[in-house]
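In the numbering used here, the protein residues as written are 8 to 292. So the structure is just underneath, and the comments pick up after that.
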Ligand code: URA
């Protein structure tokens, strides 16, 4: 039998695990509820409006004069206002003239708290010149370690599904709605998705695929502004409007769902056949 304090520690760790805590952030615990933590961060200047262009941009990313206020360290957990973070993301994303630039800007962006708990930025994999782009939900454990999307169990299944229709990572481009792993692999919150959305929209614009595939409900709901569940949406064509361009977009089942419900693979198979046809005939005529 455990002595009492060991039992209490064991119960606490069990509680943490069940709550999705899967890593230690530091040697000393942080009391997020203390009055000191509840104080708003010291922001030297109010944020510039989005139109502030290049000079404003540096304030939102590492190296800017007030950037420390945007770093969501555990000890300084008071969150940015959601609107401020989204404005910062829009301005930052707009400044990217290429995918490499976008990745560098994201590396320096501190407006999404997920960055503080993630190990690596998971930007994309595959061929940026591909005619089809797949967008998942968020990196998991393996992705967080490697910095590449869809390399864990779901990724291995995705590779098999791609192979079944003659595709692989040399002719598809793959990314996620949020590029940092949410702790415990939880679904990103709407706020986290909203902050990362300007980067994803710019990533799609710069990749400029003919066909967009949303893997799972959160990806479809975020990119296509639809509220229905994935089982209703999957297999249907939507129009994704990106700037002046309209792209054919299809939600399909997330490989993680298929691992849990293998019977649904036949639905995904149908979707992948339709996706293959659309790549061969992007105008849909
Ligand atoms: N699930 C996702 O949605 N994305 C990944 O990169 C891995 C698993």
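Beta carbons are placed, not taken as given, at the ideal position from N, Cα and C, and that holds for glycine.
Check, Outcome
"Bridge partners for residue 258 per DSSP, in chain order?", "221"
"The ligand URA and residue 251: does the residue's C-beta get closer than 6 Å to at least one heavy atom of that ligand?", "no"
"Between residue 233 and residue 282, is the Cβ-Cβ spacing less than 7 Å?", "no"
"Using a Cβ-Cβ cutoff of less than 7 Å, which residues in the same chain neighbour residue 212 once the five nearest sequence positions on both sides are dropped?", "249 and 250"
"Quick one: grab the DSSP three-state call for residue 239.", "helix"
"Mapping the DSSP letters down to three states, classify residue 178 as helix, strand or coil.", "coil"
"If I'm right that residue 183 touches residue 146 with Cβ under 8 Å, what's the distance once you round it to whole angstroms?", "6 Å"
"Tell me whether residue 265 is buried or exposed, calling it buried when 16 or more other Cβ atoms sit within 10 Å of its Cβ.", "buried"
"Within 10 Å of its beta-carbon, does residue 12 have 16 or more other beta-carbons around it, so buried, or fewer, so exposed?", "exposed"
"Which whole-angstrom value is the C-beta distance of residue 185 and residue 214, which I expect to be below 8 Å?", "Not a contact, Cβ separation roughly 17 Å."
"Taking its Cβ as the centre, do 16 or more other Cβ atoms sit within 10 Å of residue 181, making it buried, or is it exposed?", "buried"
"Considering only DSSP beta bridges, list what residue 90 is partnered with.", "Answer is none; residue 90 lacks a bridge partner."
"Just tell me which of 205, 178 and 18 has its CA closest to the CA of residue 94.", "205"
"Taking all protein chains shown into account, do 16 or more other C-beta atoms lie within 10 angstroms of the C-beta of residue 272, making it buried, or fewer, making it exposed?", "buried"
"Going straight from the alpha carbon of residue 166 to that of residue 157, what length do you get?", "9 Å"
"Please classify residue 175 as buried or exposed, where buried requires at least 16 other C-beta atoms within 10 Å of its C-beta.", "exposed"
"Give the straight-line distance between the Cα atoms of residue 344 and residue 127, rounded to the nearest whole angstrom.", "Nothing about residue 344 can be read from this structure; the chain reaches only from 8 to 292."
"Spatial neighbours of residue 187 within its chain, please: CB distance less than 6 Å, with the 5 preceding and 5 following residues excluded, ordered by chain position.", "121, 122 and 125"
"Going along the chain, which unbroken runs of the alpha helix (DSSP H) with 4 or more residues stay wholly within the stretch 112 to 138?", "121 to 124"
"Measure the alpha-carbon distance for residue 17 versus residue 111 and round it to whole angstroms.", "42 Å"
"So, with DSSP's three-state summary, where would you put residue 267?", "helix"
"Measuring only the C-alpha atoms, how far is residue 131 from residue 155?", "6 Å"
"Does the separation of the CB atoms of residue 262 and residue 161 fall below 7 Å?", "yes"
"Taking the beta carbon of residue 159 as the centre, do at least 16 other beta carbons fall within 10 Å, making it buried, or is it exposed?", "buried"
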